[in-house]
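Colleague: Have a look at the structure that comes next, please.
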């Protein structure tokens, strides 16, 4: 337990030092409301696989509420260019797409929705700005596990 806590604290420190910011700052820049207390409806998203988990603080938006309504579920993630993982969750998250700001400059540890491919994207490296991305949240803990995330990922809150 102490080892897991230390890993979580180090991950948060690395994200902060590397300039990735946090969910509050990014959400404010994009005009999203950030949850003050985590609840299943508006704050925490977990991707668990094997003995590992990545926990995200997600911005409160129509898109994240639509996503949260679809979980718990399981997914398989694929790697793209050694910088991100992505998965499709069945039907696109289309109903809330027009209600949120499109486009941002993702950082390692971010989770986003890619409107061009209807995929959930989890970045483990910084990436270029894209008009197709919609910010969902930022990893609170476990971001070091994103590069090895692939099969049998349970998405829950």
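Numbering (the numbering used here), first residue to last: 8 to 164. Beta carbons are placed, not taken as given, at the ideal position from N, Cα and C, and that holds for glycine.
Here's the rule I'm using: 16 or more other beta-carbon atoms within 10 Å means buried, otherwise exposed. How should residue 79 be labelled?
Modeller: Within the chain shown, numbered from 1, the residue matching residue 79 stands at position 72. Flag for residue 79 reads exposed.
Colleague: Identify whether residue 53 lies in helix, strand or coil by the three-state DSSP scheme.
Modeller: Numbered from its first residue, the chain shown carries residue 53 at position 46. It is a strand residue.
Colleague: Thinking C-beta only, is residue 64 closer than 7 Å to residue 147?
Modeller: Position 140 of the chain shown, counted from the start, is the residue given in the question as residue 147. Position 57 of the chain shown, counted from the start, is the residue given in the question as residue 64. Contact: yes.
Colleague: Would you call residue 138 buried or exposed, if buried means 16 or more other Cβ atoms sit within 10 Å of its Cβ?
Modeller: Here residue 138 refers to the residue found at position 131 when the chain shown is read from its first residue. Exposed, since its Cβ has fewer than 16 Cβ neighbours within 10 Å.
Colleague: Within 10 angstroms of its Cβ, does residue 115 collect 16 or more other Cβ (buried), or is it exposed?
Modeller: The count along the chain shown starts at 1 and reaches residue 115 at position 108. Result: buried.
Colleague: Spatial neighbours of residue 122 within its chain, please: C-beta separation below 8 Å, excluding the five flanking residues on both sides.
Modeller: As a working mapping, residue 122 is identified with position 115 in the chain shown. Closer than 8 Å at Cβ, skipping near neighbours: 104, 109, 139, 140, 141.
Colleague: With 7 Å set as the bound, which would you pick, yes or no: does the beta-carbon of residue 92 sit closer than that to a beta-carbon of chain C?
Modeller: Protein chain content of the structure displayed is limited to a single chain, and chain C is not contained in it.
Colleague: Taking its Cβ as the centre, do 16 or more other Cβ atoms sit within 10 Å of residue 144, making it buried, or is it exposed?
Modeller: In the chain shown, the residue the question calls residue 144 occupies position 137. Buried, since its Cβ has 16 or more Cβ neighbours within 10 Å.
Colleague: Where does the unbroken alpha helix (DSSP H) through residue 85 begin, and where does it stop?
Modeller: Here residue 85 corresponds to residue number 78 of the chain shown, with the count starting at 1. Not the alpha helix (DSSP H): residue 85 falls in the beta strand (DSSP E), residues 85 to 87.
Colleague: Along the chain, where does the alpha helix (DSSP H) that runs through residue 161 open and close?
Modeller: Here residue 161 refers to the residue found at position 154 when the chain shown is read from its first residue. Not the alpha helix (DSSP H): residue 161 falls in the beta strand (DSSP E), residues 160 to 163.
Colleague: Mark residue 158 as exposed unless 16 or more other C-beta atoms lie within 10 angstroms of its C-beta, in which case mark it buried.
Modeller: Taking the first residue of the chain shown as position 1, residue 158 is located at position 151. Result: exposed.
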